[in-house]
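S.K.: Quick one: the structure is below, questions incoming.
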Amino acid sequence: MEISSRTAVLLNLFAFAGLLLSLSVRFGWI
Numbered sequence: 047m048e049i050s051s052r053t054a055v056l057l058n059l060f061a062f063a064g065l066l067l068s069l070s071v072r073f074g075w076i
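Right under this line is the structure:
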């Protein structure tokens, strides 16, 4: 199954957002 570049970009953005969210929670920014 081939993943389109657009889908790959969206997945990368979601992963990056999740990483930022977990870091924010860890450091108490939220």
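Residue numbers (our numbering): 47 to 76.
C-beta: ideal position from N, C-alpha, C; glycine also.
None of the values given here were measured: they were computed from a predicted structure.
Rounded to whole angstroms, what's the CA-CA distance from Thr-53 to Ala-61? Just pull it up for me.
M.R.: When rounded, the distance between both Cα atoms is 12 Å.
S.K.: Any chance the CB of Gly-64 is under 7 Å from a heavy atom of the ligand HEM?
M.R.: This structure does not include the ligand HEM; it has no bound ligands of any sort.
S.K.: Return the first residue and the last residue of the alpha helix (DSSP H) that Gly-74 is part of.
M.R.: Per DSSP, Gly-74 belongs to no alpha helix (DSSP H) and is neither H nor E.
S.K.: I need the straight-line Cα distance from Phe-73 to Gly-64, nearest angstrom please.
M.R.: 14 Å
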